[in-house]
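Note sheet for the following structure.
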Amino acid sequence: MVAEPGAASGVNRTLPSRYYYDSHIFEQEKERIFYDAWICAARSEEIPRAGDYLLREIVDESILVVRTGGGEVKAFYNVCRHRGNRLCSAESGRVSGRAFTCLYHGWSYNLDGELVATPNNKGRPSLDGDPLSLYPVAVRLWEGFIFLNLSRDPEPFEPDLGALGDTLPKYNLANLRIGHRKVYDVKANWKLVLENNVECYHCPRVHPELCAIHPTFRSGVIGQETHDGAPLVDGATTYSDTGFGARPMISTLSEEDVAKFRSLTIYPNLFLGLLPDQVFVFYKWPVSPATSRLTVDWLFEESVVEAPGFDPRDTVGFLDRVLKQDYAICEEVQKAIRSRAHRQGVYLEHEHLPYKFNQWVLERLHADG
577 MVAEPGAASG VNRTLPSRYY YDSHIFEQEK ERIFYDAWIC AARSEEIPRA GDYLLREIVD
637 ESILVVRTGG GEVKAFYNVC RHRGNRLCSA ESGRVSGRAF TCLYHGWSYN LDGELVATPN
697 NKGRPSLDGD PLSLYPVAVR LWEGFIFLNL SRDPEPFEPD LGALGDTLPK YNLANLRIGH
757 RKVYDVKANW KLVLENNVEC YHCPRVHPEL CAIHPTFRSG VIGQETHDGA PLVDGATTYS
817 DTGFGARPMI STLSEEDVAK FRSLTIYPNL FLGLLPDQVF VFYKWPVSPA TSRLTVDWLF
877 EESVVEAPGF DPRDTVGFLD RVLKQDYAIC EEVQKAIRSR AHRQGVYLEH EHLPYKFNQW
937 VLERLHADG
């Protein structure tokens, strides 16, 4: 049943509690969201040369993403067409001889996914005209990110940038580079993590350090998906214990961008945190109905990352503390939400972004009525 808005008091209903732990709901989400929508998988810089590859686990599917000889990025299911063995097991690497070779019977595929060798067999096999190439996955590149879609008939790739459509290009995303990465395993449903990520009603109680450098966060105002975002304390340029750092501002920004934090969520799994000196990125990966994995990248301009003595520990340590606070409270919610007394919660008016996300989820799950 689709959750309906509440009374005229400005209160809306959350998703029913079972949406955060029910295995049937999770199976629906696999098919209608993670196997059907565009998923942000990686940065293109992670596979810079021909033959470089990486694996991404999209719930139960292992996807192989590779840089071809022609410089394209292509993706395939990590499955040999012969007997179904996985071609690669390492999370990333470089293909020897520019061909993926199955360790079971030795079938080999080039970087474009074409079958090129079948040992001890004359000619190249095919089945009903099918050349037995690797199963393809749709790919789109956007601002340095790699997006994947597992649907046989992918929907148009149209990321919703909202009020940040004209502002996002100023952050030079395509040319930023990964300066640090951390991975978090969270004992909470992926939607709880995302909902927490798009509201700051919890900030005064959960994030004292964050509120110290974000004046509006003290009153629960997040400013996400707005042109002006959320202000930092006067003159601040980054996330650190003081709000100040030694790194230069992203060179394509202007003075009007100083001391501003802008943010954007692209459903279902990408979050961008836009600071004057960096962009931090969250990739949200569902693992089970009650567990998630979060990959966090800190992106900086290449000249900053390559400068002697580059050290992002001030900003990494600060955000790591904030995220651990978030994930601890999400895990507590995951435990409590199964109470027989609590079938559905509510959102107040300034929690409009989690409500917006919930409606997107419901539209995907109930697209056929």
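To convert a position in the sequence shown, counted from 1, into my numbering, add 576.
Virtual Cβ for every residue (Gly too), placed ideally from N, Cα, C.
Here the structure is a predicted model, which is why all the values come from computation and not from measurement.
Could you name the residues of the same chain whose beta carbon sits closer than 7 Å to that of residue i, not counting the 5 residues immediately before and after it, in chain order?
i    : result
L895 : Y815, F856
W965 : A query on residue 965 cannot be resolved here, the shown segment of the chain reaching from 577 to 945 and no further.
E771 : P930, F933
P791 : P807, V809
Please report how far the alpha carbon of residue i lies from the alpha carbon of residue j, in whole angstroms.
i    : j    : result
W861 : R589 : 25 Å
T828 : P592 : 44 Å
V672 : E621 : Note on residue identity: the sequence assigns Ser, not Val, to residue 672. The alpha-carbon atoms of S672 and E621 are separated by roughly 20 Å.
D890 : D817 : 8 Å
I609 : H600 : 14 Å
R940 : E832 : 38 Å
R919 : Q910 : 13 Å
L846 : S727 : 19 Å
V922 : A714 : 38 Å
P707 : Y685 : 11 Å
D944 : T694 : 43 Å
L786 : F793 : 8 Å
R968 : S709 : A query on residue 968 cannot be resolved here, the shown segment of the chain reaching from 577 to 945 and no further.
P701 : H658 : 10 Å
T743 : D598 : 39 Å
Can you check whether the CB of residue j is closer than 8 Å to the CB of residue i?
i    : j    : result
V880 : P824 : yes
G821 : D853 : yes
A739 : T802 : yes
V769 : C906 : yes
G796 : P780 : yes
W766 : S915 : no
L875 : L752 : yes
R619 : I754 : yes
H756 : P888 : yes
Y836 : G805 : Reading off the sequence, residue 836 comes out as Lys, not Tyr. Yes, Cβ-Cβ distance for K836 and G805 is below 8 Å.
F652 : Y611 : no
N773 : F858 : yes
So residue i and residue j are supposed to be a Cβ contact under 8 Å. How far apart are they, rounded?
i    : j    : result
S668 : N654 : The Cβ separation is near 13 Å, so there is no contact.
E719 : L691 : Contact doesn't hold; Cβ gap of about 34 Å is too wide.
D628 : K606 : Not really, about 28 Å apart at Cβ, beyond 8 Å.
I826 : L808 : Not quite, the Cβ-Cβ distance comes to about 15 Å (not below 8 Å), so this is no contact.
I623 : V641 : 7 Å
Taking 8 Å as the limit between beta carbons, can you name the residues of its chain near residue i, skipping five residues before and five after?
i    : result
T644 : A626, K650, L687, D688
P762 : First, the residue type needs correcting, since residue 762 is Val and not Pro in the sequence shown. Excluding residues within five positions, the ones whose Cβ falls inside 8 Å are V769, T867, S868, R869, L870, Y903, C906, E907.
V892 : H756, K758, W874
G586 : L924, E925
Ordered along the chain, which non-local residues of its own chain (more than five positions away) have a Cβ less than 6 Å from that of residue i?
i    : result
P839 : Per the sequence shown, residue 839 should be read as Ser rather than Pro. Cβ within range, chain order: Q800, G849.
A617 : R632, I722, L724
R716 : F723, F733
C678 : C656, N661, L663
R674 : G627, L687
F602 : P865
At 3 residues or longer, what runs of the beta strand (DSSP E) sit wholly inside the region 721-779? Entirely contained in the region 721-779, the beta strand (DSSP E) runs reaching 3 residues are, in chain order, 721-725, 752-762.
Report the start-end ranges of each beta strand (DSSP E) in the region 885-940 that is 3 residues or longer and not cut off at the edges. The qualifying runs are 920-923.
Quick check on the DSSP output: what are the complete beta strand (DSSP E) runs of length 3 or more inside the region 632-698, in order along the chain? Listed in chain order, the complete beta strand (DSSP E) runs (minimum 3 residues) inside the region 632-698 are 637-643, 649-653, 668-670, 675-677, 684-686, 691-693.
Let me know the beta strand (DSSP E) ranges lying completely inside the region 825-871, each 3 residues or longer, listed in chain order. Listed in chain order, the complete beta strand (DSSP E) runs (minimum 3 residues) inside the region 825-871 are 836-842, 846-851, 854-864.
Please go through the region 582-626 and give each complete beta strand (DSSP E) segment of 3 or more residues, from N-terminal end onward. Scanning the region 582-626 for uninterrupted beta strand (DSSP E) segments of 3 residues or longer gives 588-592, 615-619, listed from N- to C-terminal end.
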